[in-house]
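To start, the structure under review is shown below, and the notes come after it.
In our numbering, the protein residues as written are 956 to 1387.
Below is the structure:
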């Protein structure tokens, strides 16, 4: 069986003296305009940053919210308050509660609750020479004991199920299947099998649980014929929680040939999901299905309907006005699709149509910068980042965002203008 390697999971510069609000209002000379072609040397990063007056979140609201609920899950587990934790996971799951970025709160609680066990194993397995000797063995056993006390609580079960899945992938590593040592492969299969056995004790529809359905999708890698199950499993999940785009993004990624599908199947299912979720997203479901797939594999452009995709972008931003979603899509259009892997002649026309969407996203929707999203856009989102890695990625993202925005207003900036982001959008301000 073939398995794809799984990818693991700043403050702005001090602004210069600003004109008063009255001066700004009296000297506005126009809104955003598309940057003309120029042969002048590119703007320097310092020039770009100095010319922009835009709020930059050192830590975005999304990251703060995630940290809050992960910490709550960790605290309740450490205090052995499993009945309370299980009830909260079920409550948030059945309410479809999520962050602005679509991360289910139930998932965050469950991750926090298992983090002490999982991170120890992941750390021990980082050094190949110490894998077998120092990988902790008691953590999973202790979680099994907790589950034995709450056998009917699927909230508690989710903590244990995902602990097995996380540790299974820690043993497997990020390499190709043929490069995984046989002993580690056996560990991977055994732990995924245990997770599957635990999940079999619950029914996602009877429990009204998107989290259980998502766990089923996370186990596709060890199914005998995942290509047969992938569509049914993900459609069950999306039916339970059509408002959450993360499920559609994961589905589209898993339909790539490197996983369980084909480019043709991706196109067919993207249109199908767009219809099934049309009352929620209009054409937006088509975009969500393609978003992560495109970031991972430029060849997914072969069958992409660019007109439908751009229509879907507009539909999403009509329904989701939060700045997390706006930043993510702006970074996708301007950063992800400009990476070297997309520089292929046959995709030039399609890419030009999609990347042009950055102009109206910037003008009509972008009001602040969330650097981490821009930093991750080059390679695609990473499930989890260490604090040190997060700071590095965010700082790179800050520079990338400011540079892309400045390039859009290059002609105005070269004439000495400042670009001020107000509630109504970016305004070009002539300075004395």
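Note that beta-carbon positions come from the ideal geometry of N, C-alpha and C, so glycine has one too.
None of these values were measured; they are calculated from a predicted model.
Top-ranked residue by Cα proximity to residue i, from the options
{"i": "residue 1199", "options": "1367, 1016 and 1049", "result": "1049"}
{"i": "residue 1073", "options": "1045, 1312, 1273 and 1123", "result": "1123"}
{"i": "residue 1310", "options": "1363, 1240 and 1339", "result": "1363"}
{"i": "residue 1071", "options": "1054, 1059, 1371 and 1033", "result": "1033"}
{"i": "residue 1211", "options": "1014, 1249, 1176 and 1055", "result": "1249"}
{"i": "residue 1323", "options": "1348, 1340, 1278 and 1295", "result": "1278"}
{"i": "residue 1169", "options": "1179, 1195 and 1064", "result": "1195"}
{"i": "residue 1143", "options": "1325, 1154, 1126 and 1156", "result": "1126"}
{"i": "residue 1094", "options": "1118, 1108 and 1078", "result": "1118"}
{"i": "residue 1162", "options": "1192, 1141, 1365 and 1301", "result": "1192"}
{"i": "residue 1037", "options": "1011, 1019, 1140 and 1069", "result": "1069"}
{"i": "residue 1257", "options": "1283, 1217 and 1120", "result": "1217"}
{"i": "residue 1046", "options": "1035, 1030, 1064 and 1057", "result": "1064"}
{"i": "residue 1335", "options": "1280, 1186, 1273 and 1290", "result": "1290"}
{"i": "residue 1120", "options": "1147, 1128, 1345 and 1096", "result": "1147"}
{"i": "residue 1003", "options": "1133, 1360 and 1131", "result": "1360"}
{"i": "residue 1058", "options": "1375, 1346, 1160 and 1339", "result": "1339"}
{"i": "residue 1022", "options": "1008, 1061 and 1267", "result": "1061"}
{"i": "residue 1283", "options": "1266, 1238 and 1333", "result": "1333"}
{"i": "residue 1190", "options": "1213, 1376, 1178 and 1160", "result": "1160"}
{"i": "residue 1208", "options": "1251, 1179 and 1286", "result": "1251"}
Backbone secondary structure at residue i - three-state DSSP
{"i": "residue 1385", "result": "coil"}
{"i": "residue 1374", "result": "strand"}
{"i": "residue 1211", "result": "coil"}
{"i": "residue 1014", "result": "coil"}
{"i": "residue 1155", "result": "coil"}
{"i": "residue 1059", "result": "strand"}
{"i": "residue 1107", "result": "coil"}
{"i": "residue 1019", "result": "helix"}
{"i": "residue 1006", "result": "coil"}
{"i": "residue 1053", "result": "strand"}
{"i": "residue 1216", "result": "coil"}
{"i": "residue 1368", "result": "helix"}
Status (buried if at least 16 other CB within 10 Å, exposed otherwise) for residue i
{"i": "residue 1367", "result": "buried"}
{"i": "residue 1206", "result": "buried"}
{"i": "residue 1104", "result": "exposed"}
{"i": "residue 1106", "result": "exposed"}
{"i": "residue 1076", "result": "buried"}
{"i": "residue 1135", "result": "buried"}
{"i": "residue 1365", "result": "buried"}
{"i": "residue 1197", "result": "buried"}
{"i": "residue 1096", "result": "exposed"}
{"i": "residue 1176", "result": "buried"}
{"i": "residue 1130", "result": "exposed"}
Straight-line gap, residue i to residue j (C-alpha atoms, nearest Å)
{"i": "residue 1383", "j": "residue 1116", "result": "53 Å"}
{"i": "residue 1242", "j": "residue 1202", "result": "12 Å"}
{"i": "residue 1152", "j": "residue 1110", "result": "16 Å"}
{"i": "residue 1372", "j": "residue 1307", "result": "27 Å"}
{"i": "residue 1341", "j": "residue 1236", "result": "33 Å"}
{"i": "residue 916", "j": "residue 1017", "result": "Since the first and last residues shown for the chain are 956 and 1387, residue 916 lies out of range."}
{"i": "residue 1113", "j": "residue 1299", "result": "43 Å"}
{"i": "residue 1028", "j": "residue 1041", "result": "10 Å"}
{"i": "residue 1204", "j": "residue 1385", "result": "42 Å"}
{"i": "residue 989", "j": "residue 1380", "result": "Residue confidence is low: residue 989 scores 45 on pLDDT, short of 50, so the model does not pin down where it sits. Its coordinate-derived value is still stated next. Near 14 Å, if we compare the C-alpha coordinates of residue 1380 and residue 989."}
{"i": "residue 1182", "j": "residue 1215", "result": "5 Å"}
{"i": "residue 1099", "j": "residue 1165", "result": "23 Å"}
{"i": "residue 1260", "j": "residue 1314", "result": "20 Å"}
{"i": "residue 1245", "j": "residue 1006", "result": "35 Å"}
{"i": "residue 1171", "j": "residue 1329", "result": "31 Å"}
{"i": "residue 1321", "j": "residue 1149", "result": "45 Å"}
{"i": "residue 1358", "j": "residue 1318", "result": "16 Å"}
{"i": "residue 1224", "j": "residue 1370", "result": "49 Å"}
{"i": "residue 1296", "j": "residue 1051", "result": "36 Å"}
{"i": "residue 1014", "j": "residue 1026", "result": "16 Å"}
{"i": "residue 1294", "j": "residue 1255", "result": "15 Å"}
{"i": "residue 1019", "j": "residue 1188", "result": "31 Å"}
{"i": "residue 1240", "j": "residue 1232", "result": "6 Å"}
{"i": "residue 1355", "j": "residue 1067", "result": "31 Å"}
{"i": "residue 1301", "j": "residue 1185", "result": "30 Å"}
{"i": "residue 976", "j": "residue 1010", "result": "Only weak support is given to the placement of residue 976: the predicted model assigns it a pLDDT of 33, under 50, and the question is left unresolved by the model."}
{"i": "residue 1271", "j": "residue 1030", "result": "36 Å"}
{"i": "residue 1275", "j": "residue 1350", "result": "26 Å"}
{"i": "residue 1352", "j": "residue 1325", "result": "8 Å"}
{"i": "residue 1268", "j": "residue 1281", "result": "10 Å"}
Any C-beta of chain C under 8 Å from that of residue i
{"i": "residue 1002", "result": "Judged by its chain identifiers, the structure shown contains no chain C, having just a single protein chain."}
message: In chain order, what are the residue ranges of uninterrupted alpha helix (DSSP H) at least 4 long that sit wholly in the stretch 1106 to 1135?
response: For the stretch 1106 to 1135, whole alpha helix (DSSP H) runs of length 4 or above, ordered along the chain, are 1109 to 1127.
field: Ranges of the alpha helix (DSSP H) found wholly within the stretch 1289 to 1356, counting only runs of at least 4
entry: For the stretch 1289 to 1356, whole alpha helix (DSSP H) runs of length 4 or above, ordered along the chain, are 1303 to 1310, 1312 to 1319 and 1326 to 1331.
query: What alpha helix (DSSP H) runs, 4 residues minimum, are completely inside the stretch 1169 to 1208?
result: Correct list: 1181 to 1195.
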